[in-house]
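J.: Have a look at this one.
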Amino acid sequence: MMVDTDIIVNAPTRTLIAGIADALATFVEYRAVKCAHGQNMFGDKATIAAGVLAEQATKTIFREAKLAIKANSAHTVDQHFENVVEANILLSGIGFESGGEAAAHSIANGLTQFVSPTIMHGEKVAFGLLGQLVLSQSSSVLYQKYLKFLRALGLPVCLKDLGLTRDRQTLYQIAQEVLRPNETIHQMNLSLTAADIVNTLLQIDSYAN
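Residues -1 to 207 in the working numbering are what the sequence shown spells out, letter by letter.
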């Protein structure tokens, strides 16, 4: 894999931030897949290496994302920028392929046809990541840590941020998409209904407000 950060640094900071959100979901999803004895993207068990790399991606992002975004805004390649690009592409890339995806990406996929096409994949994953934390019954401390971080980066953390309302009919349609048979949410081995997903989406919205 070859990445030219001199090119990437001239891209809009929004693309870097979207990549950060996508990468940040990797370790949370890995843990969910691992705990449920699910499969990675190759149909095999999640590897130890995937977990190590995914966790390192998360640590790097929490530690250096804001400084990397500052460098991106100045079109300057510094070590913070290099490290976050590595976390976004290499660490997260191997982490999700060999670790697996879960609810965060299924929620992102479920949102796709109901939100503006201008909303980037990683931005939808940011919202899905919060859903992943809810479904994994994460502690309120951990949830607030991610919520605060995502909000600080200007990522979607509530329905309004995605151009959605609390209309249950629309949310039910989204839930049906989230639960499609081929979606990675099923790697969690949970018996989820559309009502469960609707309640999860409403919880995310409530926690943000």
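Don't be surprised by glycine CBs; every beta carbon is placed ideally from N, CA and C.
These numbers were taken from a predicted model, which means no experiment stands behind them.
Tyr144: which of Gln167, Asn81, Ile18 and Asn187 sits nearest, CA to CA?
T.: Cα-wise, what sits closest to Tyr144 is Ile18.
J.: Which value, in whole angstroms, describes the spacing of the CA atoms of Val1 and Tyr28?
T.: Each residue's alpha carbon lies about 24 Å from the other.
J.: Runs of 3 residues minimum, wholly inside the stretch 106 to 147: which ones carry the beta strand (DSSP E) assignment?
T.: Entirely contained in the stretch 106 to 147, not one beta strand (DSSP E) run reaches 3 residues.
J.: Just to check my reading of the structure: His103 and Thr191 have Cβ atoms closer than 8 Å, yes? What is that Cβ distance to the nearest angstrom?
T.: That pair is no contact at about 19 Å.
J.: Taking the alpha carbon of Gly161 as the reference point, which residue from Leu89, Asp203 and Ser189 has its own alpha carbon closest?
T.: That would be Asp203, whose Cα lies nearest to the Cα of Gly161.
J.: Thr45 to Ser96, Cα distance in whole Å?
T.: Rounded to the nearest angstrom, the two C-alpha atoms are 6 Å apart.
J.: So what does Lys43 bridge to, in DSSP terms?
T.: DSSP output for Lys43 lists Gln37 as bridge partner(s).
J.: Assuming the contact rule is C-beta atoms closer than 8 Å, Leu153 and Ala124 should be a hit. Round their C-beta distance to whole Å, please.
T.: Yes, Leu153 and Ala124 are in contact; Cβ-Cβ is about 4 Å, under 8 Å.
J.: Determine the extent of the alpha helix (DSSP H) in which Glu175 is found, giving its start and end residues.
T.: It spans Arg166 to Val176 - the alpha helix (DSSP H) in which Glu175 sits, taken as one unbroken run.
J.: Tell me the DSSP secondary structure of Val82 in three-state form.
T.: The answer is helix: DSSP assigns Val82 an H, G or I state.
J.: On the three-state DSSP scale, how would you describe Glu95?
T.: Looking at Glu95 - three-state DSSP - the assignment turns out to be helix.
J.: Just to confirm my understanding: we take Ile67, look at its own chain, exclude 5 residues before and 5 after, and list those with CB closer than 7 Å. What are they?
T.: Contacts found: Thr11, Leu14 and Ile15.
J.: Quick check: what's the CA-CA separation for Val7 versus Val155?
T.: The straight-line gap from Cα to Cα measures roughly 26 Å.
J.: Are the CB atoms of Glu84 and Met39 nearer to each other than 8 Å?
T.: Not a contact, by the Cβ cut-off of 8 Å.
J.: Using DSSP with H/G/I as helix, E/B as strand and the rest coil, what is Glu181?
T.: Looking at Glu181 - three-state DSSP - the assignment turns out to be coil, as it is neither helix nor strand.
J.: Helix, strand or coil for Leu88? Go by DSSP, reduced to three states.
T.: Of the three classes helix, strand and coil, the one that applies to Leu88 here is helix, per DSSP.
J.: Note down the Cα distance separating Ala164 from Tyr205, rounded to an integer number of angstroms.
T.: Looking at the sequence provided, one finds Arg at residue 164 rather than Ala. Distance between the alpha carbons of Arg164 and Tyr205: 13 Å.
J.: What is the DSSP secondary structure of Thr163, reduced to helix, strand or coil?
T.: Thr163: coil per DSSP, three-state reduction.
J.: Nearest-angstrom Cα distance between Lys43 and Leu51?
T.: Rounded to whole angstroms, Lys43 to Leu51 spans 16 Å at the Cα level.
J.: What residue range is occupied by the uninterrupted alpha helix (DSSP H) comprising Val196?
T.: Where Val196 is concerned, the enclosing alpha helix (DSSP H) stretches over Ala192 to Ala206.
J.: Of the residues Ala23, Ser189 and Ile5, which one's Cα is nearest the Cα of Gly93?
T.: Among Ala23, Ser189 and Ile5, the Cα nearest to that of Gly93 belongs to Ala23.
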